[in-house]
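What follows is a single structure, written as C-alpha cells, with notes after it.
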C-alpha cells in the first residue's frame with residue numbers, strides 16, 4: 006500500500022444518492038488534496054487542506070463537500086451529482102504548504118466514480 | 019497563469035530502447051519545481067523525478083533523466099533501457115512556490131513498451 010489509502014476503489018451512484026469518499030494517510034503529512042481526473046484532461050485541483058484548514062476551493066460546485074476532521078483523514082461528500090461528474094477522484098498528501106513543497110505529493114489509488 | 023503542455027498523447031518504445039517524453043510550460047515565476055509522475059494501470063500516481071528551477075544540473079534517477087531548458091521552458095523526460103513495467107501514463111507537473119503551492123498538471127502521455 007502506498008501510504009495514502011482511498012476507499013472505496015469503485016463507486017456507482019445515482020444522481021439522487023448521497024455518498025462519501027474517504028482518504029487516509031499516516032505519513033505525518035499535514036496537507037491533503039482532492040483532485041479530479043477526467044479522460045484527456047489535466048488533473049483538476051478541487052480542494053486543499055493545510056493543517057485541517059481549507060486553503061483552496063477551486064470553484065468546485067457545492068454538490069461536492071469536503072471534510073477534514075484531522076490531518077490524517079479527508080472526506081469528499083457527494084450529493085445530487087451529475088453524469089459529467091463521473092471521473093477518477095484522487096487524494097494526495099504532502100508536507101505542509103509553504104515548507105518543503107518541492108518534495109512532491111504522495112497519491113492514493115483513487116476512487117473511480119460513475120454517476121448514473 | 020501557469021500552463022503545462024504535453025503534446026504527445028501517446029508514445030511507443032521498444033523494450034531496452036530509449037524514449038523521450040516532451041513537456042513545455044509557461045510561467046512568469048523564477049522559483050518553481052517541475053515533476054514527472056507515472057500513473058500505471060493501478061491508478062496510483064508515483065513520483066518519478068523532480069527538478070528545482072534554480073538548479074542548472076539536470077536531475078537523474080537511475081534510468082530516468084530530464085533535460086531541463088529553463089530559458090526555453092522545456093522539461094523532457096528520458097527513459098533509458100525501457101522496461102515493460104515502464105508502460106503507464108506520464109504526467110508532467112509544475113509546482114508553483116508562491117501562494118498555495120499547488121500543482122498544475124499536463125494532459126499526460128501514454129507510454130507503450132513493446133516486447
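Protein chains in written order, with our numbering: chain A, 6 to 121; chain B, 19 to 133.
Heads up, the beta-carbon is just placed ideally off N, CA and C, and yes, glycines get one too.
**Request:** Mark residue 46 (chain A) as exposed unless 16 or more other C-beta atoms lie within 10 angstroms of its C-beta, in which case mark it buried.
**Result:** exposed
**Residues near residue 77 (chain A) in its chain [Cβ-Cβ closer than 7 Å; skip 5 each side]** = So the qualifying residues of the chain are 29, 30 and 31.
**Request:** Classify residue 89 (chain A) as helix, strand or coil using the three-state DSSP reduction.
**Result:** helix
**Prompt:** Any idea which residues DSSP pairs residue 31 (chain A) with across the strands?
**Reply:** None; residue 31 (chain A) has no bridge partner.
**Request:** Please report how far the alpha carbon of residue 117 (chain A) lies from the alpha carbon of residue 34 (chain B), in whole angstroms.
**Result:** About 33 Å.
**Asked** Between the region 89-97 of chain B and the region 40-54 of chain B, are three or more C-beta pairs nearer than 8 Å?
**Response** By the Cβ criterion, the region 89-97 of chain B is in contact with the region 40-54 of chain B, since at least three pairs of Cβ atoms, one from each stretch, lie closer than 8 Å.
**Message:** Less than 9 Å between CB atoms is the rule here; does residue 48 (chain A) satisfy it with respect to chain B?
**Reply:** yes
**Asked** Straight-line CA distance for residue 40 (chain A) to residue 69 (chain B)?
**Response** If I take the Cα positions, the gap works out to 22 Å.
**Asked** Among residues of its own chain, excluding the 5 on either side of residue 115 (chain B), which ones have a beta-carbon nearer than 6 Å to its beta-carbon?
**Response** 49 and 50
**Request:** Whole angstroms is fine: what's the gap from residue 59 (chain A)'s alpha carbon to residue 68 (chain A)'s?
**Result:** 17 Å
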